[in-house]
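Using the numbering used here, read the sequence shown as starting at 37 and increasing by one per residue.
Glycine residues also receive a C-beta, built at the ideal position from the N, C-alpha and C atoms.
Before any comments, here is the structure.
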Amino acid sequence: MDKRDSKFYDLILACLYGIATEDQQNQLGQILEKDSMLRKEYLEYISLHTLLSRRGGASLFVEEVDDSVLDKAVWEALAEQERTSPEIIIPKEEPQPERELIQKVVYPPREKQKISKFSLYSAIFSAAAMLLMVLLVKFAPEKSNGIEVAVLNAAVDARWSDSTVLPESGDAVHANEPFYLVKGLVEIQTDRGVELIVEGPAEFEFTKDGDLSLDSGKVFAAVSTQGRGFAVNTATSKIVDLGTEFGVQVDRNGNAGVHVYKGQVTLLTGAKAMAKVTEFLLRGQARAISSDGTVSKRPVNEHLFVRKDELRANVRASEGSAYDRWLAYSYQLRRDPSLVAYYTFEKNPDRPEALINLPSKTSGRLEGLMEYRQPE
């Protein structure tokens, strides 16, 4: 083996045992890059070394490797390297005290990792998102929290928006559950003894106290003694019942109107109804509340809202009653703003002698007296 080969194997051994300097690693790399024969010897040497390391000795692997690995030149080179290699003195280990039965493991110090700006921003945004979720869970208004405040008694031609629950007759109504009635009529009975008739299109929901928040649409309320104090909230007003029958209408622009048909209500106005009492309204009085909170007087409209009798006529008409189909149409006709005079010739229990004109436009006018004569 010439000096060139000896140096080549010294470099290989130094790299295998992890004692090669950076310069020695570079030298080995240059040799392998330039000399194809030495590359082949290098590969055979590494293969042999790997197999010996895995099997624990040459005696175990001789039967398993092919003849190409056992090249005579390789064995001669190894033998020569063994004879000419300098003696390595292994320091004698100091005996450990018997009481030190557990060897202390010393780990190398961890390298300081550089934190990229992207990773830092990601961590900040993740923490912010987690905080937002916690705040939403803690402070978000209750949604369908199990508090039943009313029940849906009846529905006529009701069509609900797909974005809300789709209640049917007999279903419970929960607090803080938004509803959007696209069309039709529904009757709702609250646990406080309030009968409500909502006419679509309407957007509304109940508070946990059983009051009604009306964003848009029309609702008629008949309040029993038990339900005294029931309130309808709009964006700029609050109507509080004092034992009454009344109706509230809210349009898409936030303008509202209240009409009192029996008893008395208290009207409050202001942003979210956090304002002083504006006035008390009695039977036959009505007020309009604009979106800026301005209140103005209006004549009461007897036919503006669907009431219980009309709802019942619609329910019976949907079940096939011919008379109630006419009666339901009659109620609808009375609301026609172009109608001037309409007489049904049905007696009014309050005024049995009167021939009452029913259109809302001329309500209270163009009425006559019904006279009954015995046949001669």
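query	result
Span of the beta strand (DSSP E) holding N189?	184–196
Helix or strand or just coil, what does DSSP make of A324?	strand
Here's the rule I'm using: 16 or more other beta-carbon atoms within 10 Å means buried, otherwise exposed. How should Y53 be labelled?	exposed
DSSP state of Y297, grouped into three classes?	strand
Quick check on D386: does DSSP put it in helix, strand or coil?	coil
Would you mind sorting P395 into buried or exposed? The rule is 16 or more other CB atoms within 10 Å of its CB.	buried
Please report the residue range of the beta strand (DSSP E) in which G283 lies.	281–286
How close, in whole Å, do the beta carbons of L369 and Q285 come, if the pair is a contact with beta carbons under 8 Å?	Going by Cβ atoms, the distance from L369 to Q285 rounds to 20 Å, so no, they are not a contact pair.
Buried or exposed for K244, please, with buried defined as at least 16 other CB atoms from any protein chain shown within 10 angstroms of its CB.	exposed
Determine the burial state of L304: buried for a count of at least 16 other Cβ atoms within 10 Å of its Cβ, exposed for fewer.	buried
Taking only the alpha-carbon atoms, compute the straight-line gap between K274 and E355 and give it to the nearest angstrom.	37 Å
Identify, in the order they occur along the chain, each residue of the same chain with its Cβ nearer than 8 Å to the Cβ of R4, setting aside the five sequence neighbours on each side.	Since the first residue of the chain shown is 37 and the last is 412, residue 4 is not available in this structure.
My guess is that D277 and A292 are in contact by the Cβ rule of under 8 Å, so how many angstroms apart are they, rounded?	Their Cβ separation, rounded to whole angstroms, is 16 Å, which puts D277 and A292 out of contact at 8 Å.
Report the rounded CA-to-CA distance for A353 versus A190, giving the unit in angstroms.	13 Å
Alpha carbon to alpha carbon, what distance is there between S366 and L391?	16 Å
Compute the Euclidean distance between the alpha carbons of D227 and K333, then round it to the nearest angstrom.	33 Å
Where K179 and F215 are concerned, what is the direct C-alpha to C-alpha distance, given to the nearest angstrom?	Its pLDDT being 45, under 50, K179 is placed unreliably by the model, and the measurement read from it follows with that caveat. Looking at the two C-alpha atoms, the distance is approximately 12 Å.
Quick one: does the C-beta of D245 sit closer than 7 Å to a heavy atom of the ligand MG?	Because no ligand of any kind appears in the structure shown, any question about the ligand MG cannot be addressed here.
What does a CB cutoff of less than 7 Å around Y378 pick up in its chain, not counting 5 residues either side in sequence?	L369, R370, N393, L394, P395
What is the rounded straight-line gap between the Cα of L250 and the Cα of D345?	23 Å
From what residue to what residue does the beta strand (DSSP E) around R334 run?	331–335
Tell me which same chain residues have a C-beta within less than 7 Å of the C-beta of I183, skipping the five on either side of it?	H210, A211, K244
Give the straight-line distance between the Cα atoms of L221 and T314, rounded to the nearest whole angstrom.	31 Å
Select from L74, D328, A349, F282 the residue whose C-alpha is nearest the C-alpha of G320.	F282
Excluding the 5 residues flanking Q262 on each side, which residues of the same chain have their C-beta closer than 7 Å to its C-beta?	R228, G229
Could you pull out every unbroken alpha helix (DSSP H) segment of at least 4 residues lying fully inside the segment 196–278, listed in chain order?	none
At the level of alpha carbons, what is the spacing between N384 and G290?	36 Å
Please classify F44: does DSSP put it in a helix, a strand, or coil?	helix
Taking 8 Å as the threshold (C-beta atoms), are A267 and H295 in contact?	no
Consult DSSP for L405 and reduce its assignment to one of helix, strand or coil.	strand
For S104, which residues of its own chain have a beta-carbon under 8 Å away from its beta-carbon, when the five flanking residues on both sides are left out?	In this prediction, S104 has a pLDDT of 47, which is less than 50 and means its spatial position is unreliable; what the coordinates show is noted afterwards. Here the set comprises E80.
Give me, in chain order, the residues of the same chain whose beta-carbon lies closer than 8 Å to that of A194; leave out the 5 immediate sequence neighbours on both sides.	L217, K219, G220, L221, V222, G236
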